[in-house]
Amino acid sequence: MSEKQMDAKEYNKVLKALGKKKQFIQGDEAISYGAVLAGCRFFAGYPITPATETAEIMARIMPKIGGACIQMEDEIGSIGAVIGASWAGVKAMTTTSGPGFSLMQENIGYACMTETPCVIVNVQRSGPSTGQPTEAAQGDMMQARWGSHGDFEMIALSPNSVQETLDLMIAAFNLSEKYRNPVIVLTDGDVGHMREEIVIPDRKDIKLNERKSPSIGKEEYVPFKGGKDKIPEMAVFGTGYHTYVTGLTHGENGLPATDDWVTHHNLVRRLTEKIADDREKITMVEKNYKKGSEIGIVSYGITSRCALSATKMLRKDGKKVDHLRLITIWPFPRKEIEALAKQVDVIFVPEMNLGQIYHSVSEFSNGKCEVVSIPKTGGEMHSPIEIVEAVKGGV
Amino acid sequence: MRKEIRIAGFGGQGIVLAGRILGEAAINAGNKAVQTQSYGPESRGGAARSEVVISDKTIDYPRVIEADLLVALSQPGYDKYHDDNIKKKSLVIVDTDLVETQDKKAIKIPFTKIADSLGKKIVANIVMLGYLTAVLDAFPKKTMKETIKSNIPKGTEKINMKAFEEGYKLGKKARKG
Chain A
60 MSEKQMDAKE YNKVLKALGK KKQFIQGDEA ISYGAVLAGC RFFAGYPITP
110 ATETAEIMAR IMPKIGGACI QMEDEIGSIG AVIGASWAGV KAMTTTSGPG
160 FSLMQENIGY ACMTETPCVI VNVQRSGPST GQPTEAAQGD MMQARWGSHG
210 DFEMIALSPN SVQETLDLMI AAFNLSEKYR NPVIVLTDGD VGHMREEIVI
260 PDRKDIKLNE RKSPSIGKEE YVPFKGGKDK IPEMAVFGTG YHTYVTGLTH
310 GENGLPATDD WVTHHNLVRR LTEKIADDRE KITMVEKNYK KGSEIGIVSY
360 GITSRCALSA TKMLRKDGKK VDHLRLITIW PFPRKEIEAL AKQVDVIFVP
410 EMNLGQIYHS VSEFSNGKCE VVSIPKTGGE MHSPIEIVEA VKGGV
Chain B
-14 MRKEIRIAGF GGQGIVLAGR ILGEAAINAG NKAVQTQSYG PESRGGAARS
36 EVVISDKTID YPRVIEADLL VALSQPGYDK YHDDNIKKKS LVIVDTDLVE
86 TQDKKAIKIP FTKIADSLGK KIVANIVMLG YLTAVLDAFP KKTMKETIKS
136 NIPKGTEKIN MKAFEEGYKL GKKARKG
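In order, the protein sequences belong to chains A and B.
Quick note on the working numbering: the first sequence kicks off at 60 and runs consecutively.
Quick note on the working numbering: the second sequence kicks off at -14 and runs consecutively.
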């Protein structure tokens, strides 16, 4: 993996297409801004509320920066096109919401199995099924991790502001290129449609990761042989390196080997360990801790802004509260939860669902403290008062 | 300083655009701002709201907790969003001809009628922005005018600026009164 600065000419071209450095824009727009700054030059998608604005921006920007934006026939086609573009050597992304995300699950597993770098953004809305199109939710947190079948690891990030959406998009592409794995950005209809000030980062502040290209000759190239870091070098399709890409269990040469349990074992071990081994490096959290806290609040995404307000209100009331915000959702920041569970008596988990990340917090608290879910559905985010009252009622 | 503004109306009245301009003017004047919106599945009609929170500090909770100001440009919008978040101290402003209210302290301004008299009903949101700029006193008038100009289609500056001034005049009068 090599980290480099964005090419100056390329940066200026992107900046010209994006407009002013300081803007008042929606989270959805920031998704596309961050993507093109990260080097994304292929977008395929199918319109869906509340993610459509991302595609509108891509349609406007891509032709100006030498990229491609294509509206596919549906979400299955969209992620298929993205996987293909990535194998052609281009950084690629698709954006959607719950119903489209469900359709993409099979191909997300295919991207994991074929170690295809790509970014999938889910601007979450209320489900199940088509649910409430214009209302925000956080109902796909577990689906992002477990939605496709079989054994794999997933990287998922969750922003809580418009600026952070832009920044995390760059991080998402970097992680995807580094680990050769799909990366999912789990935002929601509230962050997606909210407008805030953003500042487009300077070129010197944007570090880009690129997938490892083959370091050996065409004859010696083994397409799915992991290096020390368990990540294989990736040749661009059509450049003469022999590559065979399949969702079937395959050996290091890429060819199907479906009846050999050792091959399968080694493959899924490598696929999962290349990410799990680096869990701590991938983990991003924001801690708002005070000494001697007794109560913990763990939140993420838009809910974290309600939880932070509630934390400040509870402290004014004399309560000793720590707030932990998960920015990396998957792999799960288990060490942070283990440490918090040792410190406090109880952890509250407000979420815009009926309790999902609550289960992971419970798992890694491991009985060291009580864990209480503060669920909310229907489209409205928690008001700070609601969280304050739930905490007071539950202590 | 935290100022919370809620604008209610129906889809197509430009209330989201109004909120967006309000938020952008606030950041152009050096403040922090968040604009949020909610609406139904229809792109025209239905109750819609646009909220703006302006502060000199980082804004955690992005929605209205207790509105400083509610502006309603439609009856369904007023009925749906004149709720728990509207307290005694809230300033309530409604479009005279489009909203009936029992709220005695509600200020009635004929935003749409004024816009109509200028030749285009569609600029009612800009009349309202003129009024709010005077009433809120949160950023310079000039900043707001510049922000409006950068958000409207080319060739519509004249009518929009006229609409803004009409609203501003009324707001100024209300402030004095």
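Ideal Cβ placement from N, Cα and C applies to all residues, glycine included.
The structure presented is a predicted model; accordingly, all values stated were derived computationally and were not measured.
Selection A:Asp249, A:Val380, A:Arg328, A:Met411 evaluated against Met172 of chain A yields A:Arg328 as nearest (Cα-Cα). Looking at the backbone, the Cα of Leu225 of chain A and that of Val250 of chain A are separated by about 11 angstroms. Residue pairing from DSSP leaves Tyr303 of chain A without any beta-bridge partner. For Thr155 of chain A, the enclosing beta strand (DSSP E) begins and ends at 151 to 155. Under a 10 Å Cβ-count criterion, Trp146 of chain A is classified as buried, with 16 or more other Cβ atoms of the shown protein chains found around its own Cβ. Within the segment 248 to 268 of chain A, the residues whose Cβ lies closer than 8 angstroms to any Cβ of chain B are, in chain order, Asp249, His252, Met253, Arg254, Glu255, Glu256. DSSP lists A:Pro315 as the beta-bridge partner residues of His309 of chain A. With contact defined as three or more Cβ pairs closer than 8 angstroms, the segment 102 to 109 of chain B and the segment 135 to 144 of chain B are in contact. Counting only runs of 3 or more residues that sit fully inside the segment 392 to 454 of chain A, the beta strand (DSSP E) segments are 405 to 410, 429 to 434, in chain order.
Between Val79 of chain B and Pro47 of chain B, the gap from beta carbon to beta carbon reaches 8 angstroms or more. Contact check between the segment 435 to 445 of chain A and the segment 191 to 208 of chain A: three or more CB pairs, one atom from each, fall below 8 angstroms, which counts as touching.
Rounded to the nearest whole angstrom, the C-alpha separation of Arg239 of chain A and Pro176 of chain A is 5 angstroms.
By alpha-carbon distance to Glu255 of chain A, the top candidate from B:Arg5, B:Gly(-1), B:Val1, B:Glu(-11) is B:Arg5. Taking 8 angstroms as the cut-off, the Cβ atoms of Tyr417 of chain A and Val408 of chain A count as close.
At least one CB atom of chain A sits nearer than 8 angstroms to the CB of Thr21 of chain B. In this chain, Asp247 of chain A is not harboured by any alpha helix (DSSP H); it is covered by the beta strand (DSSP E) spanning 241 to 247. Secondary structure of Arg184 of chain A (DSSP, three-state): strand. Closest in alpha carbon position to Ser23 of chain B, among B:Gly(-3), B:Tyr153, B:Ala33, B:Lys17, is B:Ala33. Here Leu227 of chain A is not near Asn181 of chain A, since their CB atoms are 8 angstroms or more apart. One finds Ser23, Tyr24, Gly25, Pro26 in chain B with Cβ atoms closer than 8 angstroms to the Cβ of Thr193 of chain A, taken in chain order. Restricting attention to B:Lys73, B:Ile44, B:Ala3, B:Thr132, the CA atom closest to the CA of Ala57 of chain B is found in B:Ala3.
Contact annotation, Leu399 of chain A with Asp381 of chain A: C-beta distance approximately 6 angstroms; criterion of less than 8 angstroms satisfied.
Taking the CA atoms as reference points, Gly30 of chain B sits about 38 angstroms from Val242 of chain A.
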